[in-house]
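Colleague: Mind having a look at this structure? Questions to follow.
Residue numbers (my numbering), protein chains in the order written: chain A, 58 to 172; chain B, 5 to 120.
As structure tokens, then:
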């Protein structure tokens, strides 16, 4: 089954404790992206990756890091989480956006609470 | 600046009634348009998309949407709502030009409540 998986699904942590949220897709997609969802703001892009070893900032990258060492994986790293990073996080993947008629597939989401 | 506006934050309809969710976009380039649905505690599921061609597109679960370039709108419709349609709905746009970054720009979302 074609899917995007994220782990963990729920996480409660404390300020300053480094954490990683994993994302994996089995569709051989070149493009992967992270979004955060906050009430009244919709989803906003944090980082994206056009392919292995190619990453770039989205609209709200502060406080986050990413890496893309393998095509299927795109982990989101919070080196020193703060309460304003409490949010619902989604990973997405798609074929190369430069091609026509693509769509993004979303993971189930990770709800992060930073106290 | 590129943006998507969903004017209705919350809508309540009776089961069996028709539904229209509004979406307006501001985008200079050729837009690709999407509607996603998010059920409580779930991820985002694509309902339908518009890239080009026929401006009335059909999606899953009986939904359809009409692209109106002159009004910069992409409204979602369903003729008869079911209780299971209660969810949050997001309109999104991405650049249709080659070389785009793939960033989806989302509206704020519309929460649909269905009355029995």
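Ideal Cβ positions, reconstructed from N, Cα and C, are used throughout, including at glycine. Since this is a predicted model, take the numbers as computed values, not measurements.
Mind checking residue 172 of chain A: buried by the 16 CB within 10 Å criterion, or exposed?
Modeller: Exposed.
Colleague: Note down, in chain order, each residue of its chain lying with its Cβ closer than 6 angstroms to the Cβ of residue 14 of chain B, except the 5 sequence neighbours on either side.
Modeller: Counting only Cβ-Cβ distances below 6 angstroms, and skipping sequence neighbours, we find 115.
Colleague: What does residue 78 of chain B reach in chain A if we use C-beta pairs closer than 7 angstroms?
Modeller: In chain order: nothing, as chain A lies at least about 15 angstroms away.
Colleague: Just the Cα atoms here: how many angstroms apart are residue 66 of chain A and residue 150 of chain A?
Modeller: Each residue's alpha carbon lies about 18 angstroms from the other.
Colleague: Please tell me whether residue 36 of chain B and residue 97 of chain B are closer than 8 angstroms, where the distance is taken between their beta carbons.
Modeller: Against a cut-off of 8 angstroms, the Cβ pair of residue 97 of chain B and residue 36 of chain B comes out as a contact.
Colleague: What in chain A is Cβ-close to residue 107 of chain B, meaning under 7 angstroms?
Modeller: Correct list: 102, 105, 115.
Colleague: Does any residue of chain B have a CB that is nearer than 8 angstroms to the CB of residue 165 of chain A?
Modeller: It does: the Cβ of residue 165 of chain A has a partner Cβ on chain B nearer than 8 angstroms.
Colleague: For residue 104 of chain B, which residues from the same chain have a beta carbon less than 7 angstroms from its beta carbon, with the 5 sequence-adjacent residues on both sides left out?
Modeller: Only 98 meet the Cβ criterion.
Colleague: Can the beta-carbon of residue 51 of chain B be found closer than 8 angstroms to that of residue 65 of chain B?
Modeller: Yes.
Colleague: On the DSSP letters alone, give me the boundaries of the beta strand (DSSP E) that residue 35 of chain B sits inside.
Modeller: Note, residue 35 of chain B: beta strand (DSSP E), 35 to 42.
Colleague: Residue 94 of chain A lies in the beta strand (DSSP E); which residues open and close that run?
Modeller: 88 to 95 is the span of the beta strand (DSSP E), which, as asked, contains residue 94 of chain A.
Colleague: Kindly indicate if chain B contains any beta-carbon less than 8 angstroms away from that of residue 133 of chain A.
Modeller: Not one chain B Cβ lies under 8 angstroms of residue 133 of chain A.
Colleague: Bridge partners for residue 95 of chain B per DSSP, in chain order?
Modeller: BP columns for residue 95 of chain B point to B:39.
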